[in-house]
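Its first residue numbered 11, the sequence shown is counted upward by one per residue in the working numbering.
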Amino acid sequence: MRIGIISDTHGLLRPEVAARFAGVHHVIHAGDIGRPEVISGLSKIAPVTAIRGNIDRAAWAAEYPHTALVTIAGRSIYVLHDLKELGLDPAAAGIDVVVSGHSHRPKIETVGGVVYLNPGSAGPRRFSLPIALATLELTGDAIRPCIHEMARIAPGR
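As structure tokens, then:
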């Protein structure tokens with residue numbers, strides 16, 4: 011099963027996202043959505059699990075939780091916006107993957123058998139950080155995360 015992982019869109023859903031997420035079975039948005047239209051657009055690709063981030067303060071964002079725990083293909087995925095706010099031991103809780111955003115820095119790390127995945131930011135460019143998202147392949151015996159940097163895009167877009 012293939013999952014699209016995105017974060018920090020800040021109200022911008024790039025057309026490239028649909029192409030990169032073609033064929034995914036589920037999409038996870040790790041906060042800083044920015045506008046409800048982002049989730050509407052993602053839901054045209056696949057079912058969406060989304061949480062709110064620190065910029066998601068408008069009335070529309072109240073329907074999104076601060077964290078989510080979702081089970082997909084028998085794997086437990088915990089989603090939060092800022093990894094610094096992780097208030098549990100994922101390994102002890104039986105969590106396979108922790109998805110976070112906030113830093114705008116894409117990163118994959120495995121600690122204590124738990125995969126930590128930050129897809130980076132798919133929204134407007136910040137500083138010299140890449141515009142990125144991720145996919146997560148779940149099979150019976152493997153978890154394969156992959157960061158995808160988007161092609162060169164004009165600054166500010």
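Glycine included, each C-beta is placed from N, C-alpha and C at the ideal position.
- S113 carries a coil assignment under DSSP once its states are collapsed to helix, strand and coil.
- The segment 114-122 and the segment 51-64 do not touch, with fewer than 3 CB-CB distances between them shorter than 8 Å.
- Collapsing the DSSP output to three states places A152 in coil.
- Of the residues assessed, P116 falls on the buried side of the cut-off, its CB having 16 or more other CB atoms within 10 angstroms.
- With respect to the 8 Å criterion, I65 and V37 are not classified as neighbours on the basis of their beta carbons.
- Residue pairing by DSSP places G14 opposite V37 and T145 in a beta bridge.
- Bounds of the beta strand (DSSP E) holding S86 are R85 to L90.
- In this structure G14 is in contact with F31, their Cβ atoms being roughly 4 Å apart against a cut-off of 8 Å.
- The beta carbons of V58 and Y88 sit no closer together than 8 Å.
- The straight-line gap separating the alpha-carbon atoms of H91 and A28 is approximately 22 Å.
- When secondary structure is reduced to three states using DSSP, L23 falls in the coil class, being assigned neither helix nor strand.
- If you draw a straight line from the Cα of P134 to the Cα of S86, it comes to about 30 Å.
- Counting along the chain, the unbroken alpha helix (DSSP H) around L52 starts and ends at P46 to S53.
- E73 and A132 have their C-alpha atoms spaced approximately 22 Å apart.
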